[in-house]
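Numbering (our numbering), first residue to last: 323 to 641.
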């Protein structure tokens with residue numbers, strides 16, 4: 323089910339004054355509604371950054387990358403925020419192109435083990451069942467990659483268990499049905515605060531070359547209004563710079579948006595900011611890892627020609 327996010331900043335629209343220039347309205351979709359790494363959309367609104375770049379955003383949230391890509395195909399959204407592995411959907415005919423890699427090393431993702439699991443080291447994970455959202459998802463691939471990195475095969479390999487929402491994963495964790503789950507660093511710190519889990523592995527440490535998040539733009543938007551695409555990416559860069567300079571304020575805003583404890587968001591904030599990129603360019607080594615993941619997840623039968631799926635041409639030059 324998709325939902326139009328009702329932000330805590332909706333009242334800001336009532337305070338805006340008329341501009342001397344036309345404002346481009348963009349419908350922006352995000353693959354999930356609960357990611358701190360997506361909150362720059364609203365934080366940029368709060369800071370007036372989108373308005374200064376001649377943009378007005380309507381934000382729609384979805385329940386995963388597949389729904390986001392369906393919306394891009396149908397024209398429900400013009401720009402999408404999704405995961406790196408979602409790039410594979412473009413090879414299947416989604417009429418869009420990846421226009422920026424806004425999440426690099428996945429410091430915002432971690433593997434949490436149950437507090438009562440008795441697991442104290444990576445070696446203790448061997449052969450354990452680990453909760454993920456769905457098969458074919460980024461969390462699924464991270465479980466497979468963990469086994470590959472540590473050379474675990476056969477009965478030693480981790481077993482991904484698709485459980486859907488974080489709530490369902492936490493319930494399975496508390497019942498001992500799984501030994502751990504792949505989740506956001508914010509959720510990991512929340513688990514630790516509640517005493518239900520402990521962060522054992524941060525994936526930013528394990529994957530120096532990766533693309534965690536990607537911006538997608540519909541082909542029609544690129545053809546009709548390429549300048550709006552450039553201004554969107556510029557606004558994002560400016561918002562990340564704003565978040566770096568205004569950490570306390572940004573933490574409070576993100577916590578309010580996602581109904582999280584500010585102290586938990588504050589603890590995870592350095593990991594979130596380490597993931598978010600202002601460079602936005604697609605790096606060859608990170609693309610190679612993504613390409614391999616498409617095949618390992620069974621999304622594509624062979625590695626695609628990635629050059630046809632992305633472009634760096636809309637990324638503003640460094641100032």
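No residue lacks a Cβ here, since even glycine has one placed at the ideal position from N, Cα and C.
Pairwise C-alpha distance: residue j and residue i
i, j, result
"residue 353", "residue 391", "9 Å"
"residue 571", "residue 465", "34 Å"
"residue 414", "residue 639", "31 Å"
"residue 361", "residue 408", "19 Å"
"residue 367", "residue 449", "46 Å"
"residue 393", "residue 471", "35 Å"
"residue 388", "residue 370", "31 Å"
"residue 613", "residue 421", "17 Å"
"residue 342", "residue 348", "Note that residue 342 scores a pLDDT of 44, beneath 50, so its modelled location is shaky and nothing firm can be said."
"residue 679", "residue 576", "Any question about residue 679 goes unanswered here, given that the chain covers just 323 to 641."
"residue 491", "residue 461", "12 Å"
"residue 611", "residue 627", "13 Å"
"residue 445", "residue 525", "16 Å"
"residue 561", "residue 475", "43 Å"
"residue 467", "residue 544", "34 Å"
"residue 564", "residue 484", "37 Å"
"residue 386", "residue 344", "33 Å"
"residue 569", "residue 477", "45 Å"
"residue 637", "residue 438", "47 Å"
"residue 517", "residue 511", "10 Å"
"residue 578", "residue 584", "8 Å"
"residue 495", "residue 632", "38 Å"
"residue 441", "residue 548", "51 Å"
"residue 644", "residue 497", "Nothing in the structure corresponds to residue 644, since the chain is present only between 323 and 641."
"residue 419", "residue 456", "24 Å"
Beta bridge counterpart(s) of residue i as assigned by DSSP
i, result
"residue 419", "539"
"residue 452", "482 and 502"
"residue 385", "Per DSSP, none; premise fails for residue 385."
"residue 401", "350 and 539"
"residue 517", "Paired residues: none, contrary to the question."
"residue 425", "535 and 598"
"residue 523", "433"
"residue 632", "420"
Residue i (DSSP reduced to helix, strand or coil)
i, result
"residue 605", "coil"
"residue 511", "helix"
"residue 433", "strand"
"residue 615", "helix"
"residue 443", "coil"
"residue 380", "strand"
"residue 412", "helix"
"residue 331", "Summary for residue 331: the model assigns pLDDT 42, below 50, so the residue's position carries little reliability; its value from the coordinates is reported in the next sentence. If DSSP states are grouped into helix, strand and coil, residue 331 belongs with coil."
"residue 366", "helix"
"residue 407", "helix"
"residue 396", "helix"
"residue 476", "helix"
"residue 622", "coil"
"residue 355", "coil"
"residue 639", "coil"
"residue 375", "coil"
"residue 361", "coil"
"residue 497", "coil"
"residue 492", "helix"
Residue i at chain D interface by Cβ criterion, 7 Å
i, result
"residue 509", "Any reference to chain D falls outside this structure, which holds one protein chain only."
Q: Spell out a yes or no on whether the segment 423-431 and the segment 530-537 are touching, meaning 3 or more CB-CB pairs, one atom from each, closer than 8 Å.
A: yes
Q. Which ranges does the alpha helix (DSSP H) cover as unbroken runs of at least 4 residues, wholly within the segment 525-601, from first to last along the chain?
A. 525-528, 541-546, 548-567, 569-580 and 584-597
Q. On the three-pair Cβ rule with 8 Å, is the segment 504-511 touching the segment 587-603?
A. yes
Q. Below 8 Å, can you find three or more Cβ-Cβ pairs linking the segment 547-567 to the segment 372-379?
A. yes
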